[in-house]
Amino acid sequence: MKLIIAYIQPEKLNDVKQELYKAEIYKMSVTNAMGCGQQKGYHESYRGVDIEVNLLKKIRLEIAVNEDFVAPTINAIIKGARTGEIGDGKIFILDLVECIRIRTGETGNEAIG
Amino acid sequence: MKLIIAYIQPEKLNDVKQELYKAEIYKMSVTNAMGCGQQKGYHESYRGVDIEVNLLKKIRLEIAVNEDFVAPTINAIIKGARTGEIGDGKIFILDLVECIRIRTGETGNEAIG
Amino acid sequence: MKLIIAYIQPEKLNDVKQELYKAEIYKMSVTNAMGCGQQKGYHESYRGVDIEVNLLKKIRLEIAVNEDFVAPTINAIIKGARTGEIGDGKIFILDLVECIRIRTGETGNEAIG
Amino acid sequence: MRRVLITTAAVLILVFLTTNLFADDATTSSNSRAIDTVWMLLAAFLVFFMQAGFAMVEAGFTRAKNACNIIMKNLMDFSIGSLAYWALGFGIMFGASKAGLFGSDGFFLSAGDPSTGDGLWQIAFWLFQAVFAATAATIVSGAMAERTKFSGYLAYSAVITILIYPVVGHWIWGGGWLSKLGMIDFAGSTVVHSVGGWAGLMGAIVLGPRVGKYIDNNGGKKISKAIPGHNIPLAALGVFILWFGWFGFNPGSTTSGTNLSIATIAVTTNLAAAAGAISAMFTAWIRYKKPDASMSLNGALAGLVAITAPCAVVSPLSAVIIGLIGGILVVLAVDFFDKILHIDDPVGAVSVHGVCGMFGTLAVGLFAESRYAQAAGLGDVNGLFFGGGAKLLGVQALGAISVLAWVSVTALIMFLIIKKTIGLRVSREEELRGLDIEEHGMEAYSGFQIFTNQ
Amino acid sequence: MRRVLITTAAVLILVFLTTNLFADDATTSSNSRAIDTVWMLLAAFLVFFMQAGFAMVEAGFTRAKNACNIIMKNLMDFSIGSLAYWALGFGIMFGASKAGLFGSDGFFLSAGDPSTGDGLWQIAFWLFQAVFAATAATIVSGAMAERTKFSGYLAYSAVITILIYPVVGHWIWGGGWLSKLGMIDFAGSTVVHSVGGWAGLMGAIVLGPRVGKYIDNNGGKKISKAIPGHNIPLAALGVFILWFGWFGFNPGSTTSGTNLSIATIAVTTNLAAAAGAISAMFTAWIRYKKPDASMSLNGALAGLVAITAPCAVVSPLSAVIIGLIGGILVVLAVDFFDKILHIDDPVGAVSVHGVCGMFGTLAVGLFAESRYAQAAGLGDVNGLFFGGGAKLLGVQALGAISVLAWVSVTALIMFLIIKKTIGLRVSREEELRGLDIEEHGMEAYSGFQIFTNQ
Amino acid sequence: MRRVLITTAAVLILVFLTTNLFADDATTSSNSRAIDTVWMLLAAFLVFFMQAGFAMVEAGFTRAKNACNIIMKNLMDFSIGSLAYWALGFGIMFGASKAGLFGSDGFFLSAGDPSTGDGLWQIAFWLFQAVFAATAATIVSGAMAERTKFSGYLAYSAVITILIYPVVGHWIWGGGWLSKLGMIDFAGSTVVHSVGGWAGLMGAIVLGPRVGKYIDNNGGKKISKAIPGHNIPLAALGVFILWFGWFGFNPGSTTSGTNLSIATIAVTTNLAAAAGAISAMFTAWIRYKKPDASMSLNGALAGLVAITAPCAVVSPLSAVIIGLIGGILVVLAVDFFDKILHIDDPVGAVSVHGVCGMFGTLAVGLFAESRYAQAAGLGDVNGLFFGGGAKLLGVQALGAISVLAWVSVTALIMFLIIKKTIGLRVSREEELRGLDIEEHGMEAYSGFQIFTNQ
Ligand SMILES: Nc1ncnc2c1ncn2[C@@H]1O[C@H](COP(=O)(O)OP(=O)(O)O)[C@@H](O)[C@H]1O
Ligand SMILES: Nc1ncnc2c1ncn2[C@@H]1O[C@H](COP(=O)(O)OP(=O)(O)O)[C@@H](O)[C@H]1O
Ligand SMILES: Nc1ncnc2c1ncn2[C@@H]1O[C@H](COP(=O)(O)OP(=O)(O)O)[C@@H](O)[C@H]1O
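Same order as they appear, the protein sequences are chains V, B, D, Y, P and Z. Numbering-wise (the working numbering), the first sequence opens with residue 206 and increments by one. Numbering-wise (the working numbering), the second sequence opens with residue 206 and increments by one. Numbering-wise (the working numbering), the third sequence opens with residue 206 and increments by one. Numbering-wise (the working numbering), the fourth sequence opens with residue -5 and increments by one. Numbering-wise (the working numbering), the fifth sequence opens with residue -5 and increments by one. Numbering-wise (the working numbering), the sixth sequence opens with residue -5 and increments by one.
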């Protein structure tokens, strides 16, 4: 099992969700995040004074999947999030040791989906 | 060492905290999250138009523990969070390579608790 | 590759960022979090009634780095965040299996920086 | 010749009068009536605006997940209250008295003939009274916030504006038995505020506390937990709006702009509010080590409620003293209801309106001064501190206690009936998730990240 | 001797008059003029304050990422509108009539001579009219929210206050052809609200819906999606402010405080608003199973808009009925524009101001009663339900339709021209990221965590 | 017979007079006094409401972590100011003059006898003056926001309302030396706004900038960093409230509703505000490439401050010009204080109130026109541009500079004394964590996720 973490542009969340649904990945967790990457902050100012917006708003996805779902998940994320512009985001993959469904106590591959 | 990530219902946070305290787990980190799982969104509407609430509000717990605390932690979370209804949440377990206490520079099992 | 997660005091974020920049680590993700640790909550009250502030506001950093950047990153975080007082925070290190840049599809060490 | 002269003089004078005085058909008395009407209407508008103040205070002092619900309660108690007071309440309050207990005609504004000056006066007077009735009604929503079933609340709204409030109003302002005894409640410390406060107290008791408000200690002792309000700036705005509206509430209660004691009333109102804010702040500072903002805001309201009855009959200095006491009282009362009685009143409505309303009513009996009372047209009365003896104080106390009794009993019965029929409280799950989603299917702050576990 | 007596008497009377009546040079007529001026100015201030109400309602009912933009639109349409109406609009509305179609003098407040009572009256009257003009202008921003280019909006602001609104105003209030036909639009259900509503409708059509508002179903059918507002308490505050301001809008439209029918007007205004809130709530409750807060708030506004034309000529009972209908209508209209026509009006401005404005205008023809109309100085008119036949109703309908036609055509042309030249809509990316950052380079809620993907 | 006739005539006339004129004992002069009192009180209420406006503007333009503190400062400077001005300030301002420098009696409202018309007038006048004094006091909190120790701020509040403000008031409005020279500051550009602005400037200087506001560049040059406000919609609401309140501030300063130049004043006030908003927006647009909302809002306030002195003596056209200049000036001044002088004024109070207040005072000397001044009862004065020569301008300049000198020196001394004794600034840690938690032990937005690192 793998835990996939992806940082994407906020406005791409809906597109990514659509692609994940198409790939039959229905479970995920989403949080707000701020990110520093290659993308330069847009020019923001307040009362004529520049604001160093080097922390840009991002959406963080966390998706736990079985091994055979790793590739489809990654592809779906890329398909939904890629524009070709700096700031598109990044995907990180971690090993997931165990997964437990709280309601039933099921574990492992059973629990993940 | 393991890193335990749990998604639970927001209203269950206090109960889970109580159970963790009883199991002598005092350290944790909490973030707001939105989740898609088996649980269907409750019916929300605005001005008579349905809102697709497929992202439900969840609480994300992150708890780093030594190996012998893994089971008690999981049990405590389940005890506090389970209602038997869809939406109770999920627990993920990752391997934790290292842990460092910033204040003292201690590492490993020393640092975690 | 490693994924470094650090919990620090909110007011230390700028200092940590400075130190990371000095160590030539420019990429990171930041989220808001609430934490329970050794630090006791400050005394907060509302209308004369105590509030149990055992969840303190923290900043959560997530930084993915190549192996040779692990030590500099940790040092930079410690340098920026340490005051010597309880509540300074903690660093967790996880193994990172893979990293993908969404824009280009690059993977691994290439993608991380 | 003389005759011609005289006639000429008379004609000249008449012409003169005609040209100068009756241009546009205005007369001195039509002008003074216009001044009175304009004043009373503007004051009514200001009092109406207090609805916004209550809505903001109550929303700000409670949690984000219940903000829509509070808003809806405030909107609806005013709306339902307006119609109910038009249909029935006004008649029961100001109609022909039955045994000094309640009025019995003038329903549906039937006395409001638009073609006569008197009829128009009645119509303007109705509006002024209607916004007062709605104020009494809306006070209650604060004490019952965050756990009341919406449909139950709608039922309550109608009952208070049709029955509970107008009867008290009749007793004190409508020619009823207390007004005959000489009770002075100039702008309604008792009529409006205590009625709202005591009804809220009964509501809070029948409802029980919010989930998580009182937890059992290991020693089996109940401990009070703070449930902080979610938007203090909004609550502060509400308090400023209320203070602003109170300038309609108190000075407007002359119902006459040609009664120049409106000046004194505006000043005593302002000084008492300022004094209340200051003394509440220092009381909180001493007791809790920090100058709590929500208590200071409550203090200003406490000063305002306390001065509402005596505003027209006391000196500015007395107003300052009354305000100072009100501000201290509200902090002690909040502590008392919360920590001793364990009655959960999220915004402190019972302390502010009930307790300080009662105090203000008694303050008339203590601080009234004849020279202020006479200027306001309230006769030659003096309170205990100004040589008038204890008689007025006795009447005031009788009034305050009678109203406490009437409201407690009727409100208690009403809430118990609602509880058995429509239902008064939402379920534990609904309360935890928030009334906005459960009762209204929406969120107050869509898109904002809010910790919803509290 | 007699002569002396007579003379003495006359002198005495004169002295008497002098002392009592002309202290400070005041006369009865100067007093009544002062009452009228004070009243009209205070009413104008209240109507001005409605700008804050509109800003809060519109900001609260849209998303956080566009809140600064909405604020700027409201600030600027009032500011530009004020100058434009001063320079040109007022003259076109109230200047000497050309064929009953538009006015042609009095630009730059040229009739406002400060040294005469009449001139000062003109000046006060200008302010009262200016805040009305700005109200019409600002209604539009709600219907066009969240996607309009800021510079395009500035251009629109000027055109509506210089041309579209004043021409309608001239027809109905400025001595133009509709006023000659006897159309009654007392405080502007048509002149102000419908003008704003229909202009907003054209704007919303030309702009098209917000990204994500209507999505294509699998079956190729468009489905409407909710885009919830971000701050319902703020929107509610806005509604309370509007209701408060409406007490200037409607009763102030007598432009005279000595016309005591201000009392009736204030009461009908309040009752209709209350009734509208209640009926909208229940309509929403029945249709959507939950008492939606935003619809109930819209309902209060619907009642207010509907009573604006008839407020001076109908009874309180009729006002309640008009309000109830307005509240139902607004819910149905919102549904109709959204779910059937798929026109995206984020705050429901078209339904509230356009539809209910038209209904209110017709309601005059149905509910007018002579005894109210005469008290307000509007003559002996009766509507269909009170024995006056269908004539008045016909005139009202003609007026409402003519204005619909005029505004639709001119606003459509204007928006199309703006679209071709300055540009009317921001790009998809700008819309997704939010107008605050893209158009104004700032955020409304700096530091707050907000889900910005919607 | 003739005698009978005459007598009859006289009696008839008298009866006539009695019936028509003295119903309710009203006389023309009592009516005009009532109109004046009602007007002055309503204006005072509006000015009071500006406190809410200041609180919202200042809270909105600063960070969420300090919002309770700002609210408390505004509540407390008004409350303490009210009592201080009642006890001492009013006497120093309007008491019997000592050498034209300060007043010396009338403390504790001792001239306010409630039984005479004059006494009641004094009481109403006190309220009107008290809300002005509090306005001057509250301006300062904006410039000192986000870093001032609360107890130090309380001390400051008392000093400004007891000493600094009343002395200036005495000079210009209380019969002091500047009023004798013929200085015209109709509603207080200098008396109120400059006093607040310059005191704020001293406070900001003594305090030093907020942590992180100016950072050292590599080249050793200081760079200004933006610290964005947390709630622009709330700030915008505040500006609308201030604008609304200003209709009490300026037209109310006639203290008379029978002085019909209130109409002109209301119009000049509105036009200047509108012009200020527009010119500030365009200035910001040109300089920073984006139409900044906070600057546009400041622009409206700048126009209002600038027109405050000349509102009664200039034409609408001049008002537009004054507003336009004010709007440009405020943007340049904000830049100047921030980027050149590196004085940290979080909400721009010094630029809005100090600089534009001074400009408005000078504008009297430039734009005054006799026909407006005479209508307002201010005599036959003309400014430089209208043939009056430079004399008036000289007096205005002298006044503005004298006040600058007086306020700078006394405020500086006061702040330095507070710094040495009570302490003026919180510690770095307290500032970073926020004054709400550190000073008041609470949060403004409990439950909301806010990035608190800034
Ligand atoms: N090494 C990293 N560690 C943690 N987060 C990262 C890292 N690299 C990128 N991110 C996250 O991904 C977001 C998108 O980065 P982006 O600028 O698109 O990176 P790039 O184009 O260089 O891949 C960043 O804002 C940040 O939140
Ligand atoms: N595979 C997953 N990946 C990421 N998050 C998940 C996954 N499954 C569940 N979650 C999180 O757990 C929450 C609870 O899920 P729930 O509906 O209770 O799942 P189930 O009952 O299917 O286990 C979800 O809202 C989501 O935040
Ligand atoms: N074992 C843990 N698991 C998860 N989070 C932790 C853990 N220990 C500490 N944290 C996070 O780090 C923050 C700082 O902890 P701190 O009180 O400084 O811990 P200590 O001083 O004991 O290392 C906590 O508020 C919490 O968010």
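Note that beta-carbon positions come from the ideal geometry of N, C-alpha and C, so glycine has one too.
Beta-carbon spacing of residue i, residue j below 7 Å
i	j	result
Y/Ala303	Y/Ser183	yes
Y/Leu418	Y/Gly206	no
Y/Ala300	Y/Gly354	yes
P/Thr263	P/Trp240	yes
Y/Ala90	Y/Asn68	no
B/Ile317	B/Asn271	yes
P/Ser273	P/Ile322	yes
Status (buried if at least 16 other CB within 10 Å, exposed otherwise) for residue i
i	result
V/Ile291	exposed
B/Arg287	buried
D/Glu229	exposed
Y/Ser247	buried
Z/Thr2	Here the model assigns Z/Thr2 a pLDDT of 41, short of 50, so the residue's position is not dependable, and the following value carries that caveat. Exposed is the call here.
V/Tyr231	exposed
P/Leu410	exposed
Y/Leu95	exposed
Z/Val134	buried
Closer than 6 Å: residue i CB and nearest ligand 3 heavy atom
i	result
Y/Met196	no
D/Lys263	yes
B/Lys222	no
Residue i beta carbon near ligand 1 (any heavy atom closer than 6 Å)
i	result
Z/Met50	no
V/Met285	With the sequence shown as reference, residue 285 of chain V is identified as Gly, and Met is not the correct amino acid for it. No, Cβ of V/Gly285 sits at least 6 Å from all heavy atoms of ligand 1.
P/Arg427	no
CB-CB length for residue i against residue j, believed under 8 Å
i	j	result
Y/Trp33	Y/Ser218	Actually they do not touch by this definition, with Cβ atoms about 45 Å apart.
Proximity test, Cβ basis, 7 Å: residue i and chain C
i	result
Y/Leu121	Absent from the structure is chain C; the protein chains it does hold are V, B, D, Y, P and Z.
Residue i beta carbon near ligand 2 (any heavy atom closer than 6 Å)
i	result
V/Ile268	yes
B/Asp293	yes
B/Tyr212	yes
V/Lys232	yes
Residue(s) in a DSSP beta bridge with residue i
i	result
D/Gly240	B/Ser234, D/Leu261
B/Glu267	B/Ile210, B/Ser234
Y/Tyr208	Y/Ser218
Y/Arg419	Y/Thr142
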